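Structure first, then comments.
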Amino acid sequence: MIALFVALALSALGILVAVVVPRGVGRSGGFALLGFAGIGAIAAAVSGLSSPAASITFGPPDAHVALRIDALAAVFFGILGLVALAVGLYGIGPRSYDERRTGRTAAASACAVLLASLIACAANDVLLFIFAWELLALAFYWAIAFSGTDADASSAAYITIVVTHVAGACIVGGLLFLAHAARTFDVTMVIASAASVSAPAAGIVLVLLLIGFGAKFGMLPMQVWLPRGYSAAPSVVAALMAGGALNVGFYGLTRFVVASPAAPLWLGILAIALGALSALFGITWASAQLDLRRLAAYSSVENGGIILAAFGVAISGAALHQPMLLGFGVAAAFIQIAAHAVAKTTLFLAISSIGDARSTTLLDALGGLSRTLPFVTVITLLCGMSLAALPPLAGFVGEWLVLEALMQAFRTGNIACEVAFALAGATIGIAAGLAVVTFTKLVGIGMLGAERKAEHRRIVSLWRVAGLAFGALSIIVVGVFAASLLHLIGPSIDGLAGALATQAMIGTAPLIQPTFDGFSSISPSGLGLVLLGFLAFFWILAKLFRRPHGRHAATWTSGEPFRAWTQYTGTGYANPTRVIFDAANRTVRDIHVAGGRISYASFVRPFFDLPFYERLASPFMRLGALVRATQSGVIAAYLSYILIFTIILLMLFPSIRHW
21 MIALFVALAL SALGILVAVV VPRGVGRSGG FALLGFAGIG AIAAAVSGLS
71 SPAASITFGP PDAHVALRID ALAAVFFGIL GLVALAVGLY GIGPRSYDER
121 RTGRTAAASA CAVLLASLIA CAANDVLLFI FAWELLALAF YWAIAFSGTD
171 ADASSAAYIT IVVTHVAGAC IVGGLLFLAH AARTFDVTMV IASAASVSAP
221 AAGIVLVLLL IGFGAKFGML PMQVWLPRGY SAAPSVVAAL MAGGALNVGF
271 YGLTRFVVAS PAAPLWLGIL AIALGALSAL FGITWASAQL DLRRLAAYSS
321 VENGGIILAA FGVAISGAAL HQPMLLGFGV AAAFIQIAAH AVAKTTLFLA
371 ISSIGDARST TLLDALGGLS RTLPFVTVIT LLCGMSLAAL PPLAGFVGEW
421 LVLEALMQAF RTGNIACEVA FALAGATIGI AAGLAVVTFT KLVGIGMLGA
471 ERKAEHRRIV SLWRVAGLAF GALSIIVVGV FAASLLHLIG PSIDGLAGAL
521 ATQAMIGTAP LIQPTFDGFS SISPSGLGLV LLGFLAFFWI LAKLFRRPHG
571 RHAATWTSGE PFRAWTQYTG TGYANPTRVI FDAANRTVRD IHVAGGRISY
621 ASFVRPFFDL PFYERLASPF MRLGALVRAT QSGVIAAYLS YILIFTIILL
671 MLFPSIRHW
């Protein structure tokens, strides 16, 4: 608990330092304190996981400031701490091109995001959790609206706050209903009270919570704010939002829905279906993006869907009274959460370096970065490989476990589960293939392609190198040593499952297997050693058998020498997948002919985007316009409204006359 208090205090101090101390000193100090707060969160996580039997609490419940550290909260403390440490190290370096003015607002908002996230995961009181959730929404608004240089920051912040408040309304309604049933605001008793209400009421409450928490990690169709918010915020702050704060939604889903004793089977199937669709639509939209930040944002939608599908397996296991299936679903979700957190954080930090070098993150304006930024190129390649689920990195282990969990459908003995699990597994498999295309486009065209824009600058900073290196190392460690990570977070998994699920998965270490014997297994560390062996083998072959000197000539391109514009663009490379999935992308093409020159541009309009919500909101907007028409500002009109209402009330309820 002391380590948690240190993390909270350092986060709050980081806000103060960034706001009060002038110039770059305030910015660097704020990010430095963010990194130290991350270390404190990691210490709290290690302590909480090393003594899983104890649930450490602080504060009187009646005062609504009760905090708690248990194994589940410790898992998310650790993830938040790792992300904050990487962002803090990187942020101490020079100010990025997309940070407004001196960058102090970016540092302050980053510290506010971490502070709210830690309070939310530690809250042992429903009202405190709701307060932290709203504080996190305001921190997001602060980061998006005021810390970046994007021209659309105001509209992006508005959309973010609207979606977040709709989600917050769902969470407030669901949690306060359960708190009323429990006659207390204690989180443990509120969760248990779901078993005491009627099944229809419990189902409605859990759906509200699913919508509320799902909006944070981009569950379809609530993902509309992610690409706008992540693009408008500075990349260094977006790294903390996408890799860290996004996981508060997963924490809430685990704490209040997966752990609920009243979660029905149909809710698990619904979560699996929404997760699979989010994964497919998210990576389809990502593959068609030309801005690196929007591509990374839609990739978060995909990964959020994959994780939601794993939680759906866990909910189904709980409803069917199969603790091993419940534990396996939770384990797969937790590993994928950690994998996505470290990879997406590092990718946004790399995008920040790319933007500084070229003053843009548009894919078609990049190229040649492998020569000017070789270290950043390697880091970006590593992130892309992990997010595309290539072995032996973190993303591979996470997605393999999720697919293995979906393959356990035959153990449920329920036809609805078998169909849902199978369809979701196939859908996520397609999404995994599209992820390879998406990140091949990012690395191949943006980093390895020919240089399209000559101007570039190189910012040399050991702090930035340290942040990127720490993130890259985390990607490797989470993947190669996944068995050790499962052993570390095992108390949280076993506590939710009520069974020794983790031991069944890593009992044959270094192999990892499902919680059921005789199905399948992998060894991430073994895969890593095999790949290193092949790399060394081919390197030796290349050294022993050198190729003869070749003759170099200009590349033939329709009779012209090779120039940068003759290579693939991001639009051209992704065109096959974009055409196949045009029902989701809804591509708009603009061909303009003027003065003998032809220009071509295209952009996608995701199906579940602003026009979708504008159609839903149109009846409410018309009602609002009708109400506004009655607001004339004339006091006589308002008095007449009161008189008419009083007369109608007396006519409908004559008994009021006797009051």
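All the letters of the sequence shown, read from the start, carry residue numbers 21 to 679 under the working numbering.
For each residue, glycine too, the CB sits at the ideal point set by N, CA and C.
The model shown is predicted, which means the values in this text are computed figures rather than measured ones.
**Report entry** C-beta contact flag for L369 and G264 at 8 Å
**Finding:** Mapped onto the sequence shown, residue 369 falls at position 349. Mapped onto the sequence shown, residue 264 falls at position 244. Against a cut-off of 8 Å, the Cβ pair of G264 and L369 comes out as no contact.
**Report entry** C-beta contact flag for C131 and S31 at 8 Å
**Finding:** For this step, residue 131 is matched to residue 111 along the sequence shown. For this step, residue 31 is matched to residue 11 along the sequence shown. A contact, by the Cβ cut-off of 8 Å.
Query - Sequence ranges, beta strand (DSSP E) only - wholly within the stretch 75-132, length at least 3 - result: 76-78 and 87-89
Requested in this report: Give a yes or no on contact between the stretch 247-256 and the stretch 165-174, applying the rule of three or more CB pairs nearer than 8 Å.
Outcome: yes
Query raised in the report: For S70, does the count of other Cβ atoms within 10 angstroms reach 16, so buried, or fall short, so exposed?
Result: On the sequence shown, residue 70 is found 50 positions in, with the first residue counted as 1. Exposed.
Query raised in the report: Does the separation of the CB atoms of L294 and L328 fall below 8 Å?
Result: By 1-based counting over the sequence shown, the position of residue 294 is 274. By 1-based counting over the sequence shown, the position of residue 328 is 308. Yes, the Cβ-Cβ distance between L294 and L328 is below 8 Å.
Query raised in the report: Among residues of its own chain, excluding the 5 on either side of G404, which ones have a beta-carbon nearer than 8 Å to its beta-carbon?
Result: Taking the sequence shown and counting its residues from 1, one reaches residue 404 at position 384. These residues qualify, in order along the chain: L367, F459, T460, L462 and V463.
Requested in this report: Would you kindly check if the distance between the Cβ of P530 and the Cβ of A503 is under 8 Å?
Outcome: The count along the sequence shown starts at 1 and reaches residue 503 at position 483. The count along the sequence shown starts at 1 and reaches residue 530 at position 510. Against a cut-off of 8 Å, the Cβ pair of P530 and A503 comes out as a contact.
Query - CB of V362 within 8 Å of CB of S494, strictly - result: If you number the sequence shown from 1, residue 362 lands on position 342. If you number the sequence shown from 1, residue 494 lands on position 474. Contact flag set, yes.
Query raised in the report: Candidates L312, G418 and W483: which alpha carbon is nearest T380's?
Result: On the sequence shown, position 360 is the one that residue 380 refers to. Nearest C-alpha to T380: L312.
Report task. List the DSSP bridge partners of W168. Result -> The residue you call residue 168 lines up with position 148 of the sequence shown. Residue identity differs from the one stated: residue 168 is Gly in this sequence, not Trp. Paired residues: E119.
Requested in this report: Return helix, strand or coil for N200, following the three-state DSSP convention.
Outcome: Translated into the one-based positions of the sequence shown, residue 200 becomes position 180. Before going further, note that residue 200 is His rather than Asn in the sequence given. Here H200 sits in helix by DSSP.
Query raised in the report: Can you list, in chain order, the residues of its chain whose CB lies under 6 Å from that of Q243, leaving out five sequence neighbours each side?
Result: Position 223 of the sequence shown, counted from the start, is the residue given in the question as residue 243. Within the same chain, Q243 has close Cβ partners V321.
Report task. Note the first and the last residue of the continuous beta strand (DSSP E) segment covering T607. Result -> Counting from 1 along the sequence shown, the entry for residue 607 is found at position 587. Element bounds for T607: T607 to A614.
Query raised in the report: If we ignore side chains and look at the alpha-carbon of each, how far apart do L246 and T180 end up?
Result: Sequence index remark: in the sequence shown, residue 246 carries index 226 (1-based). Sequence index remark: in the sequence shown, residue 180 carries index 160 (1-based). Each residue's Cα considered, the two are about 8 Å apart.
Report task. Let me know the alpha helix (DSSP H) ranges lying completely inside the stretch 339-422, each 4 residues or longer, listed in chain order. Result -> 343-378, 389-392 and 394-407
Query raised in the report: Which stretch, first to last residue, makes up the beta strand (DSSP E) that contains V624?
Result: Taking the first residue of the sequence shown as position 1, residue 624 is located at position 604. Taken as a continuous stretch (DSSP letters only), the beta strand (DSSP E) holding V624 covers R617 to V624.
Query raised in the report: When DSSP labels each residue in this structure, what does D311 get in the three-state scheme?
Result: In the sequence shown, counting from the first residue as 1, residue 311 sits at position 291. Three-state DSSP puts D311 in a strand.
Requested in this report: Can you tell me the Cβ-Cβ gap for S129 and L156, rounded? I've got them flagged as a contact below 8 Å.
Outcome: Residue numbering aside, residue 129 sits at position 109 when the sequence shown is read from its first letter. Residue numbering aside, residue 156 sits at position 136 when the sequence shown is read from its first letter. Actually they do not touch by this definition, with Cβ atoms about 11 Å apart.
Query raised in the report: For the stretch 500-554, which segments carrying the alpha helix (DSSP H) assignment without a break, of at least 4 residues, lie completely within its bounds, in sequence order?
Result: 502-517 and 521-526
Query raised in the report: Are L401 and G590 touching if we call contact CB-CB under 8 Å?
Result: Counting from 1 along the sequence shown, the entry for residue 401 is found at position 381. Counting from 1 along the sequence shown, the entry for residue 590 is found at position 570. Not in contact: L401 and G590 (Cβ atoms no closer than 8 Å).
Report task. Could you tell me which of S390, G324 and F441 sits nearest to F301, measuring between CA atoms? Result -> Here residue 301 corresponds to residue number 281 of the sequence shown, with the count starting at 1. Of the listed residues, the one whose Cα sits closest to F301 is G324.
Query - Three-state secondary structure assigned by DSSP to D206 - result: In the sequence shown, residue 206 corresponds to position 186, counting from 1. Correct three-state label for D206: strand.
**Report entry** Reference L147, options R314, I303 and G194, closest by Cα
**Finding:** For the purposes of this step, residue 147 is taken as the residue at position 127 of the sequence shown. Looking at the Cα atoms, G194 is the closest of the given residues.
Query raised in the report: How big is the Cα-Cα spacing for A64 and C141?
Result: Locating residue 64 in the sequence shown gives position 44, counting from the first residue. Locating residue 141 in the sequence shown gives position 121, counting from the first residue. Going by the C-alpha atoms only, they are around 12 Å apart.
Query raised in the report: Distance, Cα to Cα, F97 vs T208?
Result: In the sequence shown, the residue the question calls residue 97 occupies position 77. In the sequence shown, the residue the question calls residue 208 occupies position 188. The straight-line gap from Cα to Cα measures roughly 19 Å.
Requested in this report: Return the chain-ordered list of same chain residues with a C-beta closer than 6 Å to the C-beta of I112, the five sequence neighbours on each side being excluded.
Outcome: Taking the sequence shown and counting its residues from 1, the one referred to as residue 112 is at position 92. Contacts found: S48, F51, A52 and W483.
Report task. Give the single residue among F623, C190, Y161 and I150 whose Cα lies nearest to the Cα of F205. Result -> Numbered from its first residue, the sequence shown carries residue 205 at position 185. F205 has its Cα closest to that of I150, out of F623, C190, Y161 and I150.
Query raised in the report: Are the CB atoms of G68 and A91 nearer to each other than 8 Å?
Result: Counted from its first residue, the sequence shown places residue 68 at position 48. Counted from its first residue, the sequence shown places residue 91 at position 71. A contact, by the Cβ cut-off of 8 Å.
Query raised in the report: Given D118, which residues of its chain have a CB within under 8 Å of its CB, disregarding the five upstream and five downstream residues?
Result: Numbered from 1 along the sequence shown, position 98 holds the residue referred to as residue 118. So the list reads G168, T169, D170, P254, S255, S372 and G375, once near-sequence residues are dropped.
Query - Helix, strand or coil at A329 [DSSP, three-state] - result: Along the sequence shown, read from residue 1 onward, the residue named residue 329 stands at position 309. Of the three classes helix, strand and coil, the one that applies to A329 here is helix, per DSSP.
**Report entry** Local conformation of A136 per DSSP, three classes
**Finding:** Reading the sequence shown from its first residue, position 116 is the one you call residue 136. A136 falls in the helix class under three-state DSSP.
Requested in this report: Assign A594 to one of three DSSP states: helix, strand, or coil.
Outcome: The residue given as residue 594 occupies position 574 in the sequence shown. Of the three classes helix, strand and coil, the one that applies to A594 here is coil, per DSSP.
Query raised in the report: In chain order, what residues of the same chain lie with their CB nearer than 8 Å to the CB of I479, ignoring the 5 residues before and after it?
Result: The residue you call residue 479 lines up with position 459 of the sequence shown. Same-chain partners within the cutoff: G113, P114, S373, D376 and A377.
Query - Alpha carbon of A521 to alpha carbon of S540, nearest angstrom - result: Here residue 521 is taken as the residue at index 501 of the sequence shown, counted from 1. Here residue 540 is taken as the residue at index 520 of the sequence shown, counted from 1. Using only the alpha carbons, I get a separation of about 16 Å.
Report task. Could you tell me whether the Cβ atoms of G347 and A517 are closer together than 8 Å? Result -> Along the sequence shown, read from residue 1 onward, the residue named residue 347 stands at position 327. Along the sequence shown, read from residue 1 onward, the residue named residue 517 stands at position 497. Cβ distance < 8 Å, so G347 and A517 count as in contact.
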